[in-house]
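Chains as they are written, first to last, in our numbering: chain D, 1 to 379; chain F, 380 to 597.
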């Protein structure tokens, strides 16, 4: 039973698939993911009821037995030598360095909050959706997004320096110096207030919701700088696109990061406001050209311009930009095909033919090859 | 299994599956390299609750999975549910994926197992007189418009036969004969032993020959 023409039959078997169908499917998937929390009895009842108290008991026992001395007054832990890792029920590990002082502010299903007042802790945190894991140190909140990182408070010559090093995942650092998002391999440090510095009051939830400013935040060890005046809000207010804290006295404008722009575009698109979606996507691809999402934004922009705004010239430009921004992206073939489609609606036949031929040369058996081959014919 | 999915994508020329492109070169989010986020990076981000990463995984793999679903189910009207259920199952259990860079093959296996359940359910309902009537498959709509008449005929023949087969025989036969996967690749996708796959495919071929004769299928 050999295949005719030496090709698998699958080559001739494809469903009718278009953007609208994929969009419908994604809509159902995203809805399903939101509704999903239809978890088992064990996950919904037994696990929280049994594991959460058990985790607290284990943590308390380990702290009591391993870490000394115990400062009962502040509920703080101080250690004279490095400890073994404290392992929480969810698998998160906290390792205290010699001289570390750590207080457990809260550890519930809703929130875990540690307060580091001296020394360093090394954390490997398991991500739990909807549960903020926050370490406060030197007046900054370090909000975990499922990651491994080190928080260190150094006291030297009367000055204290807070250092955060991320080895895996991503964290947000918020405090008087603003919001800094650190990815794996990045570290950040800043001089902080005196040892008695109180924790910042920014709620973890608001930290989590704060703008992902794309802040190329502290690429490898930001220079230590004095804390800005106290009237500078610890928020996502940064100089446009630079990720640097706004200069004192300079006009401060909230800047949307790529994630917010993409979310705004999606919301506008699904809400039937394509022009607004196009503006957000255009802003994203132009402002954050080095972001991983820029190419996708340009591609989406092209689709919206073509399908909803009847702007083939703008669409062709956006598709070309998508290809330039992400030449190896999975959507490249689609972008090239859609570019031909857009150019087909414009008067420049020669250009359309060039782009069409380039597509057919690159994807001779591509998904759109048959349809693209019919484009750019003389009218 | 990665090899199986890689093979599928390569043959389609979709560029949707690039095992060699899955090596994260700059950490979780590649940017300027032009490679875009790898599957591994997207999986890590999706696990951390990033909705854009979930959507990016969907956009990257949905076309291929729609094709696979179409060929396994043999009809167009059931693939939306299958693909959606597959992505929901996969994206909500990313924590169980040991190797984030193997997302493509992992989700392909999920789809095949979901399809297995759906086909079994469909047959059971049909037996009880509750499901769609047997033979409702539209053979004329299966092959693409560009298919040669010979290939369209072969497709009609295969699907006319597998439509009446139980899921245990149908799925390995389709993966092997239609998708063109090797026996080991089929075994990996179905999560069964190689011996089981060999036996089921042999049984499937026997059923085909019984129906169409030895020369019924070239």
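Each residue gets a CB set at the ideal place from its N, CA and C atoms; glycine is no exception.
{"query": "Sheet register partners of residue 116 (chain D) (DSSP bridge)", "result": "D:102, D:137"}
{"query": "Within-9 Å CB hit, residue 374 (chain D) to chain F", "result": "no"}
{"query": "Span separating the alpha-carbon of residue 290 (chain D) from that of residue 441 (chain F)", "result": "26 Å"}
{"query": "Of the residues D:375, D:282, D:356, the one placed nearest residue 336 (chain D), counting alpha carbons only", "result": "D:356"}
{"query": "Residues of the stretch 442–471 of chain F whose Cβ lies closer than 7 Å to any Cβ of chain D, in chain order", "result": "442, 445, 446, 449, 450, 455, 458, 459, 462, 463, 466, 467, 470, 471"}
{"query": "Best match in D:364, D:92, D:339, D:326 for proximity to residue 131 (chain D) [C-alpha to C-alpha]", "result": "D:92"}
{"query": "Interface residues of chain F facing residue 26 (chain D) [CB-CB closer than 7 Å]", "result": "434, 437"}
{"query": "3-residue-minimum beta strand (DSSP E) runs that sit fully inside the stretch 422–449 of chain F, ordered along the chain", "result": "none"}
{"query": "Chain F residues whose Cβ lies nearer than 8 Å to that of residue 127 (chain D)", "result": "426, 427, 428"}
{"query": "Contact set for residue 344 (chain D): own chain, Cβ-Cβ below 6 Å, skip 5 residues either direction", "result": "352, 375, 376"}
{"query": "Residue 498 (chain F) and residue 539 (chain F) closer than 9 Å at C-beta", "result": "no"}
{"query": "Minimum C-alpha distance to residue 349 (chain D) - residue among D:160, D:190, D:378", "result": "D:378"}
{"query": "Contacts that residue 15 (chain D) makes with chain B (C-beta to C-beta distance below 7 Å)", "result": "Looking at the structure shown, chain B is missing, and the protein chains on hand are D and F."}
{"query": "Contact the stretch 258–269 of chain D vs the stretch 281–298 of chain D: 3+ CB pairs below 8 Å", "result": "yes"}
{"query": "Between the CA atoms of residue 453 (chain F) and residue 530 (chain F) - distance to the nearest angstrom", "result": "16 Å"}
{"query": "Extent of the continuous beta strand (DSSP E) run through residue 160 (chain D)", "result": "159–168"}
{"query": "Residues in the stretch 546–568 of chain F having any Cβ partner in chain D nearer than 8 Å", "result": "556, 557, 558, 559"}
{"query": "Chain F residues whose Cβ lies nearer than 7 Å to that of residue 32 (chain D)", "result": "463, 467"}
{"query": "Cutoff 7 Å; reference residue 363 (chain D); Cβ partners in own chain excluding five residues on either side", "result": "333, 369"}
{"query": "Cβ neighbour criterion (16 or more within 10 Å) applied to residue 251 (chain D)", "result": "Caution is warranted here: a pLDDT of 41 is assigned to residue 251 (chain D), below 50, making its placement in the model unreliable, and the coordinate value is therefore given only provisionally. Exposed is the call here."}
{"query": "Close Cβ partners of residue 298 (chain D) (< 6 Å) along its chain, the five nearest in sequence each way excluded", "result": "285, 318, 321, 322, 325"}
{"query": "Residues near residue 206 (chain D) in its chain [Cβ-Cβ closer than 6 Å; skip 5 each side]", "result": "With a pLDDT of only 27 at residue 206 (chain D), under the threshold of 50, the placement of this residue in the model should not be trusted; the figure read from the coordinates follows. Hits under 6 Å: none found."}
{"query": "is_contact[residue 338 (chain D), chain F] using C-beta, thresh 9 Å", "result": "no"}
{"query": "Straight-line gap, residue 138 (chain D) to residue 429 (chain F) (C-alpha atoms, nearest Å)", "result": "28 Å"}
{"query": "Within 9 Å, strictly: CB atoms of residue 162 (chain D) and residue 172 (chain D)", "result": "no"}
{"query": "Inter-residue Cα distance where the pair is residue 305 (chain D) and residue 314 (chain D)", "result": "6 Å"}
{"query": "CB contact flag (residue 443 (chain D), residue 277 (chain D), <9 Å)", "result": "Nothing can be reported for residue 443 (chain D): it is not among the residues displayed for chain D, which extend from 1 to 379."}
{"query": "Alpha-carbon spacing of residue 586 (chain F) relative to residue 456 (chain F), whole angstroms", "result": "26 Å"}
{"query": "C-beta neighbour in chain D for residue 485 (chain F), strict 9 Å", "result": "no"}
{"query": "Residue range of the alpha helix (DSSP H) that includes residue 282 (chain D)", "result": "274–287"}
{"query": "Limits of the unbroken beta strand (DSSP E) element including residue 358 (chain D)", "result": "Counting along the chain, residue 358 (chain D) falls outside any beta strand (DSSP E), though it belongs to the alpha helix (DSSP H) covering 349–362."}
{"query": "Test: residue 268 (chain D) CB closer than 9 Å to a CB of chain F", "result": "no"}
{"query": "CB contact below 9 Å: residue 479 (chain F) versus chain D", "result": "no"}
{"query": "Cross-chain neighbours of residue 135 (chain D) in chain F, by beta carbon under 9 Å", "result": "Those do not exist, as residue 135 (chain D) stays about 17 Å from chain F at its closest Cβ, beyond 9 Å."}
{"query": "Straight-line Cα distance separating residue 155 (chain D) from residue 99 (chain D)", "result": "11 Å"}
{"query": "Which listed residue (F:478, F:480, F:433, F:589) has its alpha carbon closest to that of residue 465 (chain F)", "result": "F:433"}
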